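At position 258 of the sequence shown (counting the first as 1) the number is 355 in this note's numbering, and the numbers step up by one without a gap.
Cβ atoms here follow ideal geometry from the backbone N, Cα and C, with glycine treated the same way.
Keep in mind it's a predicted model, so treat the numbers as computed, not measured.
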Amino acid sequence: MADNVGNQEAKDYGIGVPVEKKAFFLKGLDHADWGIKDRMGRIFDSKSSHTVMLAFDHGYIMGPTSGLERIDLSIVPLIEHADCIMCTRGVLRSCIPPQVNKPISLRYSAGTTVLSELNDECILNIEEAIRLNVSAMAIMVSVGGIYEGKTIENLVRTADMGAKYGIPTLGVTAVGKELARDSRYLSMASRVCAENGATFVKTYYCEEGFEKVTAACPVPIVIAGGKKLPELEALTVAWKAIQEGAAGVDMGRNVFQADAPIAMLKAVRGVVHDGLKPQEGLELYNTLKNE
Ligand code: 5RP
98 MADNVGNQEA
108 KDYGIGVPVE
118 KKAFFLKGLD
128 HADWGIKDRM
138 GRIFDSKSSH
148 TVMLAFDHGY
158 IMGPTSGLER
168 IDLSIVPLIE
178 HADCIMCTRG
188 VLRSCIPPQV
198 NKPISLRYSA
208 GTTVLSELND
218 ECILNIEEAI
228 RLNVSAMAIM
238 VSVGGIYEGK
248 TIENLVRTAD
258 MGAKYGIPTL
268 GVTAVGKELA
278 RDSRYLSMAS
288 RVCAENGATF
298 VKTYYCEEGF
308 EKVTAACPVP
318 IVIAGGKKLP
328 ELEALTVAWK
338 AIQEGAAGVD
348 MGRNVFQADA
358 PIAMLKAVRG
368 VVHDGLKPQE
378 GLELYNTLKN
388 E
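In structure tokens:
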């Protein structure tokens, strides 16, 4: 029992000093619970309000993708330079040392591969997310696809569980081959994710009207990188996305398939966090690559 004899009397009540009210630094999350904010605050840098996530979950639908054949050799050395890692539980357990101490966006939906009809997915158990101490659960949502209802139900169930245990849900918009990746579609898909409880949304950048996609989505958006592009183009996509309201990037192939992946990740960081222009990012990339 605490000693109650000879204790100093409480006196520093700060009478007359109002308690500071601080808005949370990410949009749409002022009313989220403490655990959600804590985890989002690990994924996003509170100084820049942005994030550079490293995605290497491709194997769950694509198998041993180029650059991901040996995660221990290609990805583990990159992790210290990312703000968050996005992967499946299988790779997390088998290849990622827990001492990397990075927030994890766990691929939380699983299902069919590129060999068959995409998008017929199920979700993991919340106990698995808790056991792995993840900072977000990433759910694929196929708006307008044949499994639209199923994947939206997956999102809703995940967001319910996430709310219960304070774990953010990342809605990942999958765009089927028959759908256009334009601002009209991406606005709708992102908004549908947010309306159904996603804490933040991952979608694609589009050249025309991306600022409408971010404006109409009430929670932060991070963009996927997509197929490998020349470095300057990939840095330009990242730069434009941030200028047009994205809160970050969740890039995979444009980082781990680059000639110098660590240099590329640092260049992306320069663009996303430090406001480097694409050409400046490229110069940083080339300098680091040649060191
Ligand atoms: C697939 C994903 C991938 O993680 C995503 O596509 C990111 O990787 P890349 O930058 O290579 O596109 O979410 O649904």
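Exercise for the section: Let me know the secondary structure DSSP gives residue 204 once reduced to three states. Expected result: strand
Handout entry: Rounded Cβ spacing between residue 168 and residue 188 (contact assumed at less than 8 Å)
Key = 6 Å
Problem - Test item: CB-CB of residue 342 and residue 308 under 8 Å - result: yes
Handout entry: Exposure of residue 336, with buried meaning 16 or more beta-carbon neighbours within 10 Å
Key = buried
Handout entry: DSSP-derived helix/strand/coil call for residue 112
Key = coil
Problem - Check: residue 370 C-beta below 7 Å from any heavy atom of ligand 1 - result: no
Handout entry: Segments of 4+ residues assigned as alpha helix (DSSP H) that fall wholly inside the stretch 297 to 336
Key = 307 to 312
Handout entry: beta-carbon residue 269 near ligand 1 non-hydrogen atom, thresh 7 Å
Key = yes
Exercise for the section: In angstroms with no decimal places, state the Cα-to-Cα distance between residue 322 and residue 365. Expected result: 11 Å
Handout entry: Segment contact flag, the stretch 228 to 242 with the stretch 273 to 282, C-beta cutoff 8 Å, min 3 pairs
Key = yes
Exercise for the section: Report yes if the C-beta of residue 152 is less than 7 Å from at least one heavy atom of ligand 1; otherwise report no. Expected result: yes
Problem - Per DSSP, the bridge partner or partners of residue 347 - result: 150, 321
Exercise for the section: Mind checking who residue 231 pairs with in its DSSP beta bridge? Expected result: Bridge partners of residue 231: none, in fact.
Exercise for the section: Tell me whether residue 351 counts as near ligand 1, meaning its Cβ is closer than 7 Å to at least one heavy atom of that ligand. Expected result: yes
Problem - Exposure label - residue 208; buried when at least 16 CB within 10 Å - result: buried
Problem - Residues that DSSP places opposite residue 89 in a beta bridge - result: With the chain running from 98 to 388 in the structure shown, residue 89 is simply not present.
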